[in-house]
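What follows is one structure encoded as structure tokens, with my remarks underneath.
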Ligand SMILES: Cc1cc2nc3c(=O)[nH]c(=O)nc-3n(C[C@H](O)[C@H](O)[C@H](O)COP(=O)(O)OP(=O)(O)OC[C@H]3O[C@@H](n4cnc5c(N)ncnc54)[C@H](O)[C@@H]3O)c2cc1C
């Protein structure tokens, strides 16, 4: 039996441990925090379910739902309340709804595009004319901003792409790689010329579904339920040690890992399921070039601030899922979700919960500010943007320094080199949001694939 050490007890490392255990192989998880889950952390406050990190996952990618099913949690899955789904964008001091029919930043309906106040006539005309664009395949990579600007113009970057990607990645579209972040759009644009025509054709091929599945899924009790269920399922087969791995060295057969409590562990296989920059710090003695490559993956830092209110303090209940603040209009707030509207079971009658996002590539400094200063700034800005005077009854702040990897231009090339340096037989395996997808389903898939490599079986999960 191979001895396996997994560094990092977030969802990537937990998934690797779970699928190894299912294949009959035990492992040891090293986690420097005093709890499992990494950035997944759920808390109950005054009857509200508060997510400090992620709150849901995309239903289109199967790995999360497959794992949830295996853990016996299928009856706990809920979808986002998509009939209430309106997302607003701040423009000129007002909140304007994203036009109906947008697929990310691609318009698929004419009337909402014509009538939206979010874009000027010049941009609307340009987006309409984009339908006539002939294929102009481009070799290589470019930024998301350049790609969207070429198709739809600069205003579509500023008021659609930038706020949407800041909300998902805490990222800057002028740095993010279009081939890594929006690969399907690149394929469609190469094939059809017009991105809009490509998206419409792909939708027509998939067949019109009058009751599409909810875009986002989560668990009734929050994503912490998933972490607890994995921990329960692997208990007895996996040793969890709260300690920090300090360095990895090659041993005669396999590896030696130095721990911050002074001890050493031996392993035939190591799964690096920590952030790439932390992995880089461990690998210098094993493979200097690999350490350099992992260290070159940029990360953004973010902060979530949950504010709980009495609904009675609002003249009218907040409308829609929430809002995004484009960089051009931003002070501190990047985005805000009205939790009780987006998901059922999260906020009891009589309460309103706002979940605000701060930080990102532009404002990592906010993580260094005091809780009092952050709450004061967030309450002031939220009241002004959403137009209310209610004061929060409770607040919860979570800081996530350098937690969200950024797939910058050239990421695919970097990945190819990383993969070439970590062949399955080499004993070193990578899983985590720095590599092939930042979302929870991707992290679960990578953890599962690392386990499959170790078990010597083919990965069964689809990408
Ligand atoms: C605020 C926020 C909101 C998000 N929202 C969503 C969302 O709604 N939907 C979605 O799909 N995704 C979302 N994401 C992304 C997704 O949650 C993450 O990409 C994913 O959970 C990362 O899991 P991971 O296990 O790879 O890494 P992490 O969760 O970062 O876990 C890595 C672990 O490694 C540990 N570690 C690091 N170095 C060492 C060491 N040397 N020794 C021991 N332990 C170490 C760390 O303490 C950490 O616990 C969000 C991310 C953030 C930060």
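Numbering (the numbering used here), first residue to last: 385 to 847. Just so it is clear, CB atoms sit at the ideal spot from N, CA and C, and this is done for glycine as well. Since this is a predicted model, take the numbers as computed values, not measurements.
*In or out: residue 832 buried (at least 16 other Cβ within 10 Å) or exposed?*
Counted from its first residue, the chain shown places residue 832 at position 448. Within a 10 Å sphere around the beta-carbon of residue 832 sit 16 or more other beta-carbons, which makes this residue buried.
*Buried versus exposed call for residue 699 [16 or more other C-beta atoms within 10 Å across all chains shown]*: Reading the chain shown from its first residue, position 315 is the one you call residue 699. Answer is exposed; the Cβ neighbour count stays below 16.
*Which residue from 486, 435, 444 and 675 puts its Cα closest to that of residue 598?*
Sequence index remark: in the chain shown, residue 598 carries index 214 (1-based). Selected option, being the one with the closest Cα: 444.
*Quick one: complete beta strand (DSSP E) runs, 3+ long, within the segment 731-774?*
Considered as a whole, the segment 731-774 harbours 735-743 as its complete beta strand (DSSP E) runs of no fewer than 3 residues, in chain order.
*Meets three-Cβ-pair contact criterion under 8 Å: the segment 518-525 and the segment 565-577*: Touching, yes, given that three or more Cβ pairs across the two stretches are closer than 8 Å.
*With residue 744 and residue 616 assumed to form a contact (beta carbons below 8 Å), what rounded beta-carbon distance in angstroms separates them?*
As a working mapping, residue 744 is identified with position 360 in the chain shown. As a working mapping, residue 616 is identified with position 232 in the chain shown. At roughly 35 Å, the Cβ-Cβ gap does not stay under 8 Å, so residue 744 and residue 616 are not in contact.
*Pair every Cβ in the segment 445-457 with every Cβ in the segment 627-640, then say whether three or more of these pairs are closer than 8 Å.*
Contact between the segment 445-457 and the segment 627-640 is absent, because fewer than three Cβ pairs lie under 8 Å.
*Bridge-paired residues (DSSP) for residue 418*: Here the question's residue 418 lines up with position 34 in the chain shown. Under the DSSP definition of a beta bridge, residue 418 lacks any partner.
*Using the C-alpha atoms, what's the distance from residue 627 back to residue 645?*
For the purposes of this step, residue 645 is taken as residue 261 along the chain shown, with counting starting at 1. For the purposes of this step, residue 627 is taken as residue 243 along the chain shown, with counting starting at 1. Taking the straight line joining both Cα atoms gives about 7 Å.
*Could you check where the beta strand (DSSP E) with residue 655 kicks off and where it finishes?*
Your numbering for residue 655 matches position 271 in the chain shown. Per DSSP, residue 655 belongs to the beta strand (DSSP E) from 653-656.
*asked:* Classify residue 773: buried if its beta carbon has 16 or more other beta carbons within 10 angstroms, exposed otherwise.
replied: Position 389 of the chain shown holds residue 773. It counts as exposed.
*Could you pull out every residue in the same chain whose Cβ sits closer than 6 Å to the Cβ of residue 481, ignoring the five residues on either side in sequence?*
Reading the chain shown from its first residue, position 97 is the one you call residue 481. Short of 6 Å from the beta carbon of residue 481, and not among the five residues preceding or following it, lie these beta carbons of its own chain, in chain order: 470 and 472.
_residue 431 versus 719, 460, 829 and 778, residue with shortest Cα-Cα distance_ = On the chain shown, position 47 is the one that residue 431 refers to. Relative to residue 431, the option among 719, 460, 829 and 778 whose CA is nearest is 778.
*In the DSSP assignment, what are the bridge partners of residue 721?*
Here residue 721 is taken as the residue at index 337 of the chain shown, counted from 1. The beta-bridge partner set that DSSP reports for residue 721 consists of 706 and 739.
*Three-way DSSP call (helix, strand, coil) for residue 619 in this model*: As a first step, residue 619 is located in the chain shown; it is residue number 235 there, counting from the start. Note: residue 619 maps to strand in three-state DSSP.
*Once you ignore the five residues that flank residue 711 on each side, which residues in its own chain have a CB closer than 6 Å to its CB?*
Locating residue 711 in the chain shown gives position 327, counting from the first residue. Taken in chain order, the residues that qualify are 546.
*Quick one: measure Cβ to Cβ for residue 789 and residue 809, integer angstroms, because I've assumed they're closer than 8 Å.*
For the purposes of this step, residue 789 is taken as the residue at position 405 of the chain shown. For the purposes of this step, residue 809 is taken as the residue at position 425 of the chain shown. Contact flag wrong, Cβ pair sits at about 26 Å.
*Go to residue 402, then tell me how far its beta strand (DSSP E) extends in each direction, as first and last residue.*
Walking along the chain shown from the start, residue 402 turns up at place 18. Counting along the chain, residue 402 falls outside any beta strand (DSSP E), though it belongs to the alpha helix (DSSP H) covering 395-406.
*Which residues in the same chain as residue 393 place their Cβ atom closer than 6 Å to its Cβ, once the five residues preceding and following it in sequence are excluded?*
Counted from its first residue, the chain shown places residue 393 at position 9. Scanning its chain for C-beta atoms nearer than 6 Å, with the 5 sequence neighbours on each side dropped, one finds around residue 393 the residues 413, 415 and 420, in chain order.
_Between which residues of its own chain and residue 398 is the CB-CB distance below 6 Å, once the five residues before and five after are set aside?_
By one-based count along the chain shown, residue 398 stands at place 14. These residues qualify, in order along the chain: 614.
*At 4 residues or longer, and completely inside the segment 441-529: list those alpha helix (DSSP H) runs for me, N to C.*
The segment 441-529 contains these whole alpha helix (DSSP H) runs: 447-454, 494-499 and 505-513.
*asked:* Is it the case that the segment 663-670 contacts the segment 722-739, given that we only count it when at least three CB pairs across the two stretches are under 8 Å?
replied: The segment 722-739 vs the segment 663-670: no contact.
_So, for residue 783: in the same chain, excluding its five sequence neighbours on each side, which residues have a beta-carbon less than 7 Å away from its beta-carbon?_
Position 399 of the chain shown, counting from 1, holds the residue named residue 783. So the qualifying residues of the chain are 687 and 751.
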